[in-house]
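Enquirer: One structure, pasted below without further comment.
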Amino acid sequence: MAPNEGYDAAVARWRKDPDAYWLEAARGLDWSRAPSRAFDGSMGLFGRWFPDGVLNTCHNALDRHVAAGRGAQTAIIYDSPVTGTIRRFSYAEMLDRVSRLAGALAARGVAKGDRVLLYMPMVPEAAIAMLACARLGAIHSVVFGGFAAAEVAARIDDATPKAIISASCGIEPGRIVAYKPLLDAAIGMAAHKPDFCFILQREAQRCDLVAGRDVDYAEAEAAGAPHPCVDVAATDPLYILYTSGTTGKPKGIVRDHGGHAVVLHASMRMIYGLGAGDVFWTASDVGWVVGHSYIVYAPLLAGCTSVLFEGKPVGTPDAGTFWRVCAEHGVRVLFTAPTAIRAIRKEDPEGALIRKYDLSKLEALYLAGERCDPPTAIWSAEKLGVPVVDHWWQTETGWPITAGFRGFGLFEPRPGSGGKPTPGYDLRALDAEGHEVPRGTQGALVLKLPLPPGCAPTLWNAEQRYREAYLSTFPGYYDTSDAGMVDEEGFAWVMGRTDDIINVAGHRLSTGAIEEVLAAHPDVAECAVVGMADALKGQAPLGLVVLKAGARREEAELARELVALVRERIGPVAAFKEARVVARLPKTRSGKILRGTIRKIADGERYSVPPTIDDPLILEEIAGVLAG
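The sequence shown begins at 1 in full-length UniProt numbering and counts up by one.
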């Protein structure tokens with residue numbers, strides 16, 4: 001990003017000469033061998049970035065900052081209300097611990113290209129393990145802590161890790177999740193067996209170690225000889241991150257070293273407006289892409305201080321915990337999921353807990369994970385008094401497709417929009433035949449190839465599956481599987497997954513548009529709309545709503561108000577006639593509402609409990625409500 005450059009100028013510079021644009025961005029990093037060209041279109045499925053560059057991601061995240069004299073600066077703030085712990089780790093301390101863990105892994109045979117599976121709670125050792133793998137050129141694969149044994153086993157068999165790093169337990173509000181029995185069961189189920197496991201013993205619940213296989217994590221790290229960074233090709237894999245597949249077999253998203261480091265480093269200034277020494281908090285989990293990109297890698301590549309939080313937006317201890325963390329640590333930008341803000345709003349609709357804390361250092365709230373409904377964005381902006389920026393991206397892209405850009409000066413807020421395309425992404429909306437639709441017309445959102453640096457170049461051991469899943473529907477484009485539009489001014493509006501478009505008597509309607517109307521009702525905290533089978537119209541929309549704390553409404557009366565609201569704002573064409581009140585919505589651990597599962601329940605179809613679900617009992621509650 002050129003000094004004082006605006007958004008339009010940056011986009012124009014990228015479009016004019018993409019190679020020059022990305023080579024300039026690459027100069028923000030240390031390279032063992034700097035790339036001579038940005039892109040080689042003859043490599044891979046759609047080309048590869050920085051094909052002759054050599055570097056090490058861990059060096060760029062830690063070593064170079066220490067060498068520049070900033071070793072005493074805080075790199076990680078670990079804030080764990082579930083254990084009552086706050087700890088700060090300097091860049092120098094992180095470098096020492098990471099290099100020792102890398103040495104401990106190397107001493108047991110882990111080398112460049114080997115896989116290491118991480119099954120960890122939100123503790124500093126999770127970030128240390130990720131960086132230690134990057135230091136060796138080993139490929140880490142983080143599996144969300146607490147995943148069921150069968151799901152972990154499937155990932156073990158796909159990645160075939162030489163080692164596994166895990167912990168005795170994770171800690172949730174009011175309960176302890178024993179990881180070690182789940183891990184032991186997963187290894188027992190898997191055809192592939194790791195050579196060894198490092199196990200972090202937590203005081204909340206220790207575990208037994210398997211003789212000859214398990215090693216105490218703390219002892220191994222303490223005894224490890226500091227290991228230097230290993231040079232890797234920019235096109236070598238940094239990590240594999242599994243996302244659920246429609247076939248039931250998880251998809252291993254591959255991320256490379258060079259493109260990933262270049263775009264994440266650049267994004268911190270361009271998108272979030274942050275640089276060295278600034279405090280950035282991404283309230284997510286390292287089991288998800290958001291945690292990979294914006295808890296660990298991007299903030300450290302940029303020399304920021306990153307908050308690593310072990311807790312929940314409510315219940316640890318209350319709906320004010322996010323604001324306590326922001327105030328206590330001087331957070332400049334908070335990045336979380338809309339579902340977290342909706343949970344806070346549900347418990348504290350008047351924002352009384354916000355007013356308890358000094359948030360004078362907080363400059364912006366960024367949201368991603370799923371589309372933020374306008375009422376939640378407006379509530380957040382009013383209560384916090386800072387810009388609220390919704391931005392859109394996917395596990396596959398690894399960094400934002402669209403955003404608001406603090407580095408360019410933020411756009412005027414447009415609640416409901418995900419912002420404008422990030423330079424590097426050529427975003428289009430197409431009809432079912434693959435023709436581009438006019439601005440302001442809804443279609444399938446796609447990205448013209450090639451994808452920019454940092455996006456997944458392939459799937460682990462499944463190149464053909466990548467081609468079928470993302471590149472076959474619209475030749476020449478990456479299919480995001482999201483539906484929406486790009487308006488006349490270039491703002492993107494993501495209305496939901498393409499399979500969330502319902503057909504009501506021949507009219508194609510976005511469930512996201514109906515959800516937006518329901519969420520505007522003053523008593524509704526959050527909602528989900530799905531299309532259920534209808535003998536007359538083909539499909540009919542069903543709305544499930546969760547009420548705000550303190551709202552006491554007779555369900556039939558509320559339903560009438562919601563039906564009238566949809567009729568007023570969308571029209572009779574929506575045929576919206578049914579709304580049900582539920583205590584909570586089924587979600588993944590990353591906060592995405594499981595609309596597909598709700599639809600199957602509504603239609604009386606058989607469904608499987610998704611492995612990513614936060615609480616399986618919610619499905620039984622939903623089934624009971626819909627059957628009543």
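By construction, the Cβ of each residue, glycine as well, lies at the ideal position given by its N, Cα and C atoms.
Below 8 Å on the Cβ atoms is my contact criterion, and I expect G424 with G258 to pass it. Report the Cβ-Cβ distance as a whole number of Å.
Expert: Not a contact, Cβ separation roughly 14 Å.
Enquirer: With DSSP as the reference, please indicate the residues paired to V389 in a beta bridge.
Expert: For V389, which the question treats as bridged, DSSP gives the partners Y366.
Enquirer: Note down the Cα distance separating P313 from V286, rounded to an integer number of angstroms.
Expert: Near 16 Å, if we compare the C-alpha coordinates of V286 and P313.
Enquirer: Going by beta carbon distance, what residues of the same chain come within less than 7 Å of I613, once the five residues before and after it are set aside?
Expert: Same-chain partners within the cutoff: P586, T588, L594.
Enquirer: Distance check for P374 and V625, CA to CA, integer angstroms please.
Expert: Straight-line Cα distance between these residues: approximately 27 Å.
Enquirer: Could you check what DSSP says for V566 in three-state terms: helix, strand or coil?
Expert: V566 falls in the helix class under three-state DSSP.
Enquirer: Helix, strand or coil for Y21? Go by DSSP, reduced to three states.
Expert: Note: Y21 maps to helix in three-state DSSP.
Enquirer: Can you pull the DSSP bridge partners for K448?
Expert: DSSP, once it has assigned bridges, lists Y477 as partnering K448.
Enquirer: What are the start and end residues of the alpha helix (DSSP H) that includes E267?
Expert: Here the sequence assigns Ser to residue 267, which means Glu is not the residue at that position. Its alpha helix (DSSP H) spans residues 257–270.
Enquirer: Just how far apart, CA to CA, sit R33 and Y470?
Expert: Going from the Cα of R33 to the Cα of Y470 covers about 32 Å.
Enquirer: Kindly indicate which three-state DSSP category D614 falls into: helix, strand or coil?
Expert: Coil at D614, not helix or strand.
Enquirer: Output yes or no for whether 8 Å exceeds the beta carbon distance between A191 and D236.
Expert: Taking 8 Å as the Cβ cut-off, A191 and D236 do not qualify as a contacting pair.
Enquirer: Taking DSSP as the reference, what is the three-state secondary structure of T247?
Expert: Legend: pLDDT at T247 = 45, less than 50; position of this residue unreliable, value from coordinates given subsequently. In this structure, T247 counts as coil in the three-state DSSP scheme.
Enquirer: So within the segment 46–133, which uninterrupted beta strand (DSSP E) runs reach at least 3 residues, ignoring any that extend past its ends?
Expert: Here the runs fully enclosed are 74–80, 85–90, 115–120.
Enquirer: If you check the beta carbons only, do A583 and V546 fall under 8 Å apart?
Expert: Yes, the Cβ-Cβ distance between A583 and V546 is below 8 Å.
Enquirer: Opposite W281 in the DSSP bridges: which residues?
Expert: Its beta-bridge partners are V307, L334.
Enquirer: Which stretch, first to last residue, makes up the beta strand (DSSP E) that contains F144?
Expert: From DSSP, the beta strand (DSSP E) with F144 extends over 139–144.
Enquirer: By the three-class DSSP mapping on this structure, what secondary structure does W379 have?
Expert: Correct three-state label for W379: helix.
Enquirer: Skipping 5 residues on each side, what residues in its chain have a beta carbon closer than 6 Å to that of E310?
Expert: Result list for E310: S80, V82, M122, in chain order.
Enquirer: Exposed or buried, which one is H140 when buried takes at least 16 other CB atoms within 10 Å?
Expert: H140 comes out buried.
Enquirer: For a test of the three-state rule: what should DSSP assign to A163, helix, strand or coil?
Expert: Reduced to three states, the DSSP call for A163 is strand.
Enquirer: For R33, which residues does DSSP report across the bridge?
Expert: In the DSSP output, where bridge partners are listed per residue, R33 has V54.
Enquirer: Verify whether the separation of the beta carbon atoms of A492 and S417 is less than 8 Å.
Expert: Contact: yes.
Enquirer: Using three-state DSSP, classify T422 as helix, strand or coil.
Expert: Coil.
Enquirer: Taking the CB atoms as reference points, tell me whether A444 and P413 lie closer together than 8 Å.
Expert: No, the Cβ-Cβ distance between A444 and P413 is not below 8 Å.
Enquirer: Pick from G41, A283, V290: whose alpha carbon is nearest that of P18?
Expert: It is G41.
Enquirer: With a threshold of 16 other CB atoms inside 10 Å of the CB of A283, please say whether the residue is buried or exposed.
Expert: Classification of A283: buried, given that the 10 Å Cβ count is 16 or more.
Enquirer: So, helix, strand or coil for I401, using DSSP?
Expert: In this structure, I401 counts as coil in the three-state DSSP scheme.
Enquirer: Quick one: does the C-beta of R589 sit closer than 7 Å to a heavy atom of the ligand SAH?
Expert: This structure simply doesn't include the ligand SAH, nor any ligand for that matter.
Enquirer: Output the distance between the C-alpha atoms of K249 and V143, rounded to the nearest integer angstrom.
Expert: Approximately 15 Å, taken between the alpha carbons.
Enquirer: With distances taken Cα to Cα, identify the nearest neighbour of A291 among A343, K251, L241.
Expert: Note on identity: in this sequence residue 291 is Gly, with Ala being the wrong assignment. Closest option to G291, Cα to Cα, is L241.
Enquirer: In three-state DSSP terms, what is R599?
Expert: DSSP places R599 in helix when its eight states are reduced to three.
Enquirer: Between the segment 259–267 and the segment 294–301, are three or more C-beta pairs nearer than 8 Å?
Expert: The segment 259–267, when compared against the segment 294–301, does touch it at the 8 Å Cβ threshold.
Enquirer: Do D358 and A319 come within 8 Å of each other at the CB atom, strictly closer than that value?
Expert: No, Cβ-Cβ distance for A319 and D358 is not below 8 Å.
Enquirer: Measuring alpha carbon to alpha carbon, tell me which residue in W393, K420, R115 is nearest W288.
Expert: Taking only the C-alpha atoms, the option nearest W288 is W393.
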